[in-house]
Structure formats: C-alpha cells, structure tokens
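Peer 1:
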Amino acid sequence: MAAHMLPMVDLARLLAKRGLTISILATPHNAGRFKSAIDRAIATGLDIHILHLKFPCSEVGLPDGCENFDMLASGDDVLKFFRAIDMLKEQVEEMLQQLEPSPSCLIADACFPSWATNVALKLDIPRVLFYATTCFALLCQHIQNYCKELEAITSDTEYFVVPGLPDRIELTKAQLGGAPKNPSFEWNELWDEMRKAESEAFGAIVANTFEELESEYIKEYKKAIGKGVWCVGPVALCNKDYADKVERGNKLVSADENEYYLKWLDSKEPGSVIYVCLGSQSSPATLQLIELALALEASNRPFIWVLRNASEESQKWILEEKFEERIKDRGLLIRSWAPQVLILSHPSIGAFLTHCGGNSMVEGMTAGVPMLTWPVFSDTFRNEKLIVNVIKMGVRVGVEKPVFLGEDEDEHRVQVKKDEIKRAIEKLMSGGEEGKEMRKRAKELGEMAERAVEEGGSSYLNVTLFIQDVMAEQARLAGMQLMKKF
-6 MAAHMLPMVD LARLLAKRGL TISILATPHN AGRFKSAIDR AIATGLDIHI LHLKFPCSEV
54 GLPDGCENFD MLASGDDVLK FFRAIDMLKE QVEEMLQQLE PSPSCLIADA CFPSWATNVA
114 LKLDIPRVLF YATTCFALLC QHIQNYCKEL EAITSDTEYF VVPGLPDRIE LTKAQLGGAP
174 KNPSFEWNEL WDEMRKAESE AFGAIVANTF EELESEYIKE YKKAIGKGVW CVGPVALCNK
234 DYADKVERGN KLVSADENEY YLKWLDSKEP GSVIYVCLGS QSSPATLQLI ELALALEASN
294 RPFIWVLRNA SEESQKWILE EKFEERIKDR GLLIRSWAPQ VLILSHPSIG AFLTHCGGNS
354 MVEGMTAGVP MLTWPVFSDT FRNEKLIVNV IKMGVRVGVE KPVFLGEDED EHRVQVKKDE
414 IKRAIEKLMS GGEEGKEMRK RAKELGEMAE RAVEEGGSSY LNVTLFIQDV MAEQARLAGM
474 QLMKKF
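Taking the numbering used here, I'd label the letters of the sequence shown as residues -6 to 479.
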C-alpha cells in the first residue's frame, strides 16, 4: 500500500542515517516506485539494500504485476491481495536467513499477519509493528477491538462517546471500525490475525506522529498495549532533496509537468489556493464528485484538484459540462500522480481538502496548511477527529459514512451537497477569527514537527531509544537461546 510504503521507505533512510545497515524487502513494482530515492540515499553513503520478493499474483487470481493496494480493481481483489501477503512467509524467512550481516530486527507493516512475528522469533530477533498513522487512531482501534462496552452498540450510524479517551470524542461504530460492512468469515480471520500480531510483537514504531502533537494519546496507547511505542515522525521530513519531494511514491510525473504545476501556483496569491486530493485508493461517486466540483466552482477561489482515480462517468461529466473550460482561469485538474509534498509546501496553498489518510494528514501538517476533512474509510474518520476536535486545525465537510473499495456507489451517491462543501470552505478560508486561529495553529504545528525531527528533538531521541531498545531485546533473545543449549 502506497500509504504504508512511503513512510516505511522514509524510516529506512532515517535509520540508515544513524549508521545502520538497512535491507528493504519489496516486490519489483513497489521497489520501482522508490528506487530513485534509495539510489540517491546510497550515493550519500547510506547502507541500504533493496531485496525483491515475488508477489504471488496469479496464485490468488490477481493480474500479473498487481502488487499494490492502489492497483486493485474491485472489492473482491482486496481479500485476494491479503491472501497473497499471507503467502510471502517462506520467501521472507529464506531472505532473512541468508542476509549478511544477520538482521537485528524485523520491522513489518501492521497489515502483515502474525507469521512475521514467528519468522522473527525463529531468527531470535524482535518483530516491531510499523504504523503509518497516529496514536489517536491506534488507541481508538484498540478500544474498538477490546472494549466490552461497545458490544452493546448495535447501530452502525448512531453516534456515541468513545470510552477511555482523554477528550470527548463521538464516532459511529462504522466510523470507528476498519472492516467493511457485513464482513465475511475470511475478513474476520484477517482482523483477528492483525490483533494477534499486535499482541505478540515486541513493540510499535509510529511514523506519522510526534510527542508534541498528541502526548496524551501516545501515553494512553502505550498504557493500553503494554509495550514499547516509539513515535519518530513525521518521517516525511527526511525528504529534503527536491527530487525526493517530486518523486515521493511515483516517478511517473515528468519534470515538465512539475514545472507547469509550480508555475501555475506561482501565479496565485499566497494562501489563496485550495489543494484537493482524496487519496490514491478512492474517488467520490459521480454524483458526489459533481457536488464537489460545483462547490469548488461556486467558492470563487483558486484550486488544484487531483482526479487520478475519477471514474469514466465522472470524466464524461467534466467533458460534457465543459467544467475544465469553465474554471480554467482559477482551477487546475491533475489526472496523474501529483507531487503532493511539493504542492503543499508552496506558499500559495491556503487549504488542503483531504481524505485524512495518515500520510496526507501529516504532510499537510508539516507544511503548516489547515485542512478541510473528507474521510473515506479505515482510520480516516478517526484522523478527522484528531484534526478537527483535538488539534483544531481543520473544518469538517460533513461526510458521515465510510465507503469501502468495491461497494455499490448507489449506496453512497451523495453524502454532502454543494452548499455544505462551500460553507466549510468559507469557514476555513474567510477572514473570520475561527479560520485565522486554525491557520495560526497549523503553522505552529508545522514548526513543532520540524523541531521534533531535528537533533535533540523528541522524534530524534525516540529513534535513538528505539535502536537501543531493539539491541537490548536482541541480546536478551540471543541469551535465552544460549541458555537452552546448556
């Protein structure tokens, strides 16, 4: 998954800068997405290696080369994708056994089943969970998994106060959970495997948060899982090189395209542009997309909108209604991968209309850009609450129901109308006190994030603690094996 892969690669470079040897296990297609960034890191003297895993596409019924979540065509493919992940165990184990020098630790994405922990233990090394989200979202998920009080709630749409949180947060059961509606037996098995992985791992490294952002939630999450939690973010800030910012996640965007986007942004007033991107794995249903388009048009504000996943029907509407022609003087539509980090850091950006994915949220935050929240599924509704209710740097557009890949779009045709979207835009972008306060807060958080990753900052120190804790655990495991021989 791109949303998990990008911060994982950032973390690899972060650890390599501390003098560690890092091996990244990835499939060929995914490795191709970040190879240039790793090559540049290697050229500076970092000891990083990419090892290729064969993703068993044909064995599970996926098209050849379908190696990333953002390449899946339907909801049916999601389970196939996770089945393929489950089949990687032997390859991973064999590669780790052959590594020289021998590995000290296995950092595996939290989506990997508990077999990753078993592989690590077989090699006498700790397995660490990797999360590309926040401790707020993780604590909410933990409560959903283990809190008995929630079992009495049967409605998916009724709001309730989430128990055990430092702040009063209201969510629905559908927004709190990560599984689709009416999950199959296999889906339930998958979630059980992920919970098992959490309980068996040595600890968790969290890439998209830092102590100053959510200290109370970090403390409560540590208490809840009873394990080490190292908050080392925002790891995206390791992308200082212009090329790293441009190519982050995909090298398909040409230099000419990037130059065009930046020139377009240069022509706009500082803080005036709305950047719209609803993630790499989703796009609104056509009727909902039309409402969003009309709201952006009616706002009379410049905007740049990433439409990479728009359906044929949506593209047909844009063409037939001459929407692009109507907004050409102040609107720019991008139909390919967008250099998001580069765009968000441009002075003309004044708001980020986002699906609230962990990466997007933290990229907006580190750029000091306030947000308009449009959650989609998984942890995005939880992240919305963090943005709007806890750190108070965003305005909720009004989406209520999660939409999962492959679900019938008729069920979610229009959740928010044009006027509601326009009202949220005005609340954030107008010169009112509330909007000013959010912009001020966003700027402050961006500065805090920068300080956190600098030498002596909280995330920098947590990387040091992580390395020390892993080495101590590896020594403990090795000692236990030695004692068994006597």
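By construction, the Cβ of each residue, glycine as well, lies at the ideal position given by its N, Cα and C atoms.
Quick check: the Cα distance between residue 186 and residue 143, rounded to an integer number of angstroms?
Peer 2: 21 Å
Peer 1: With DSSP run on the structure shown, which of helix, strand or coil describes residue -4?
Peer 2: helix
Peer 1: Look at residue 34 and residue 11 and say whether their C-beta atoms are less than 7 Å apart.
Peer 2: no
Peer 1: Is the stretch 248 to 256 close to the stretch 145 to 165, with three or more CB pairs under 8 Å?
Peer 2: no
Peer 1: So, are the CB atoms of residue 388 and residue 436 less than 7 Å apart?
Peer 2: In this structure, residue 388 sits away from residue 436, with a CB-CB distance that is not shorter than 7 Å.
Peer 1: With a cut-off of 8 Å on the beta carbons, I'd call residue 443 and residue 206 a contact; round off their distance for me.
Peer 2: Contact flag wrong, Cβ pair sits at about 12 Å.
Peer 1: According to DSSP, is residue 463 part of a helix, a strand, or is it coil?
Peer 2: helix
Peer 1: Can the beta-carbon of residue 254 be found closer than 7 Å to that of residue 197?
Peer 2: no
Peer 1: Got a sec? Which residues, its chain only, sit under 6 Å from residue 404 by beta carbon, not counting five neighbours each side?
Peer 2: Interpretation of residue 404 is limited by its pLDDT of 48, a score under 50 that renders its predicted location unreliable; no figure is taken from the coordinates.
Peer 1: Can you tell me where the beta strand (DSSP E) holding residue 45 begins and where it ends?
Peer 2: 41 to 45
Peer 1: For residue 221, which of 191, 446, 334 has the nearest alpha-carbon?
Peer 2: Nearest of 191, 446, 334 to residue 221, Cα basis: 191.
Peer 1: Looking at the structure shown, is residue 303 part of a helix, part of a strand, or coil, going by DSSP?
Peer 2: coil
Peer 1: Going by C-alpha to C-alpha distance, which of 25, 446, 101 sits closest to residue 193?
Peer 2: 101
Peer 1: Should residue 214 go down as buried or exposed, given a rule of 16 or more other Cβ atoms within 10 Å for buried?
Peer 2: Residue 214 should be labelled buried.
Peer 1: Run the CB neighbour count on residue 445, radius 10 Å, all protein chains shown included, and call it buried at 16 or more, exposed below.
Peer 2: buried
Peer 1: Using a Cβ-Cβ cut-off of 6 Å (strictly less than) and excluding sequence neighbours within five positions of residue 413, which residues of its own chain qualify?
Peer 2: 391
Peer 1: Under a three-way DSSP split, which group does residue 120 fall into?
Peer 2: DSSP places residue 120 in strand when its eight states are reduced to three.
Peer 1: My output table needs one value for residue 366: the three-state DSSP class, helix, strand or coil.
Peer 2: strand
Peer 1: Nearest-angstrom Cα distance between residue 77 and residue 48?
Peer 2: 7 Å
Peer 1: So what does residue 102 bridge to, in DSSP terms?
Peer 2: Paired residue(s): 123.
Peer 1: So residue 353 is in the alpha helix (DSSP H); what residue range does that whole segment cover?
Peer 2: 351 to 359
Peer 1: Please classify residue 241 as buried or exposed, where buried requires at least 16 neighbouring CB atoms within 10 angstroms.
Peer 2: buried
Peer 1: Does the Cβ of residue 423 have 16 or more other Cβ atoms within 10 Å, making it buried, or fewer, making it exposed?
Peer 2: exposed
Peer 1: With C-beta atoms as the reference, is residue 188 less than 7 Å away from residue 138?
Peer 2: yes
Peer 1: In whole angstroms, what is the alpha-carbon distance linking residue 114 and residue 320?
Peer 2: Straight-line Cα distance between these residues: approximately 58 Å.
Peer 1: Once the 5 residues before and after residue 272 are set aside, which same chain residues still bring their CB inside 6 Å of it?
Peer 2: Excluding sequence positions up to five before and after residue 272, its CB lies within less than 6 Å of the CB of 348, 350, all in the same chain and listed in chain order.
Peer 1: Between 315, 265, 90, 95, which has its C-alpha nearest residue 464's C-alpha?
Peer 2: 95
Peer 1: Hey, how far is the Cα of residue 233 from the Cα of residue 365?
Peer 2: CA-to-CA, the gap between residue 233 and residue 365 works out to about 26 Å.
Peer 1: Note down, one range per segment and in chain order, each beta strand (DSSP E) of at least 3 residues found wholly within the stretch 10 to 63.
Peer 2: 15 to 19, 41 to 45
Peer 1: Skipping 5 residues on each side, what residues in its chain have a beta carbon closer than 7 Å to that of residue 304?
Peer 2: 276, 279
Peer 1: Going by DSSP, what residues sit across from residue 199 in a beta bridge?
Peer 2: Residue 199 pairs with 124, 224.
Peer 1: Applying the criterion that 16 or more other CB atoms from any shown protein chain within 10 Å of the CB defines a buried residue, is residue 359 buried or exposed?
Peer 2: buried
Peer 1: Who are the near neighbours of residue 282 in its chain, counting only those whose CB is closer than 6 Å to its CB and skipping five residues on each side?
Peer 2: 307
Peer 1: Which residues mark the beginning and the end of the alpha helix (DSSP H) in which residue 279 is found?
Peer 2: Residue 279: member of the alpha helix (DSSP H) spanning 279 to 291, first to last residue.
Peer 1: Could you tell me the alpha carbon to alpha carbon distance between residue 371 and residue 19, rounded to whole angstroms?
Peer 2: 23 Å
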